[in-house]
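Residue numbers (this note's numbering): 4 to 341. Glycine is no exception: its CB is placed at the ideal position from the N, C-alpha and C atoms. What follows is a short report on a single structure.
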């Protein structure tokens, strides 16, 4: 007999019916559904980070629902050690909420030992915290037989038109240091006029004032021909873009040891990333708010690309999905999780 797994969709399309997930129409609907599934014997697996009160509230609702029916949840704590309200020295008045968010789950999955150590500072037993990196064999699987097979035509045409194309992944919110990114790209264009950057990710207004300001800044910097907006890509297309690009530019600092960084390193693509004290070996780092340093780091890789590729330290690739699945099943069955 297998295990029944259901997904509550909390994303932007959460109200649209689809057989792949359970819709969530409102906060009240979420409350009722967490209670209903806990009552039916489901062990809920919640994903959260240290960046926002809404995520804290959703996690606590599921945690309390699980406790009511003696089905304590499993929490996956995403990202790294530099988040808005995490670790403890940044929690301030959210400390009691984060304490409960870590205390109530039966087990906590996090990215690495550094995050685990920060969670224990809230008074949480290290015995229930399991570092499992959000990267493994499944992340490197692709259905594409050729490099360009999955790439949209506009991206392929952009590569043909530009030299030294890099890519970055952003959301329109402050944590991605977008002002620094635009300033850095402007400096790069001055040094390499035919340089190009593919921007992956939705341009939706996550924080309304940000998009307007950044798009105006891009216009003022005359970067229109330098940029290619790819939007959200399939995993196959994303991997094809990694293969084809000269490097991956990663601007946030809250991501810890980001899965896309590991993917690029595994594929032999150099990475330039904002320093967050958690970057893996062979990543070129720069201070997150320093456009000059961003430009210098990218230029260093572009000028010595073959050397940068040869010095990449490939990360360990484990079956982390299998590890996490076994932990979740054991938690649901009440078995030992080690």
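Out of curiosity, what's the CA-to-CA distance linking residue 112 and residue 6? Looking up residue 112 in the chain shown gives position 109. Looking up residue 6 in the chain shown gives position 3. Residue 112 and residue 6: Cα-Cα distance of roughly 20 angstroms.
With residue 297 and residue 171 assumed to form a contact (beta carbons below 8 angstroms), what rounded beta-carbon distance in angstroms separates them? For this step, residue 297 is matched to residue 294 along the chain shown. For this step, residue 171 is matched to residue 168 along the chain shown. The C-beta distance from residue 297 to residue 171 rounds to 10 angstroms, too long to meet the 8 angstroms contact threshold.
Work out the CA separation of residue 153 and residue 246 for me, nearest whole Å. On the chain shown, residue 246 is found 243 positions in, with the first residue counted as 1. On the chain shown, residue 153 is found 150 positions in, with the first residue counted as 1. Between the alpha carbons of residue 246 and residue 153 lies a gap of roughly 12 angstroms.
Pull up the distance between the alpha-carbon of residue 424 and that of residue 45, whole angstroms please. Past the boundaries of the shown model lies residue 424; the chain is included only from 4 to 341, so the question cannot be answered.
Which first and last residues belong to the beta strand (DSSP E) in which residue 231 is found? Along the chain shown, read from residue 1 onward, the residue named residue 231 stands at position 228. DSSP places residue 231 inside the beta strand (DSSP E), whose first and last residues are 230-234.
For residue 50, the residue or residues it bridges with in DSSP: In the chain shown, residue 50 corresponds to position 47, counting from 1. Answer is 79.
Which stretch, first to last residue, makes up the beta strand (DSSP E) that contains residue 198? Looking up residue 198 in the chain shown gives position 195. Per DSSP, the unbroken beta strand (DSSP E) holding residue 198 starts and ends at 198-203.
Report back the beta-carbon spacing between residue 59 and residue 66 to the nearest angstrom; my notes put them in contact at under 8 angstroms. Mapped onto the chain shown, residue 59 falls at position 56. Mapped onto the chain shown, residue 66 falls at position 63. Going by Cβ atoms, the distance from residue 59 to residue 66 rounds to 10 angstroms, so no, they are not a contact pair.
Check whether the segment 87-102 touches the segment 268-280, taking contact to mean three or more Cβ pairs, one atom from each stretch, closer than 8 angstroms. The answer is no - the segment 268-280 does not touch the segment 87-102, with fewer than three Cβ pairs under 8 angstroms.
May I ask which residues mark the beginning and end of the beta strand (DSSP E) holding residue 110? The count along the chain shown starts at 1 and reaches residue 110 at position 107. According to the DSSP assignment, residue 110 belongs to the beta strand (DSSP E) that extends over 110-113.
Within 6 angstroms: the Cβ of residue 108 and any heavy atom of the ligand NAP? As for the ligand NAP, it is missing from this structure, which has no ligand bound.
Identify every run of the beta strand (DSSP E) within the segment 233-284, keeping only runs that are complete inside it and at least 3 residues long; order them along the chain. The segment 233-284 contains these whole beta strand (DSSP E) runs: 251-253, 274-277.
Can you give me the C-alpha to C-alpha distance between residue 35 and residue 64, rounded to a whole angstrom? Working through the chain shown from its first residue, we reach residue 35 at position 32. Working through the chain shown from its first residue, we reach residue 64 at position 61. Straight-line Cα distance between these residues: approximately 10 angstroms.
Own chain partners of residue 188 with C-beta closer than 7 angstroms, once the 5 adjacent residues on each side are dropped: The residue labelled residue 188 in the question sits at position 185 within the chain shown. Counting only Cβ-Cβ distances below 7 angstroms, and skipping sequence neighbours, we find 200, 226, 229.
Taking residue 205 and residue 239 to be in contact with their CB atoms under 8 angstroms, please state how far apart those CB atoms are, rounded to whole angstroms. For the purposes of this step, residue 205 is taken as the residue at position 202 of the chain shown. For the purposes of this step, residue 239 is taken as the residue at position 236 of the chain shown. Contact annotation, residue 205 with residue 239: C-beta distance approximately 18 angstroms; criterion of less than 8 angstroms not satisfied.
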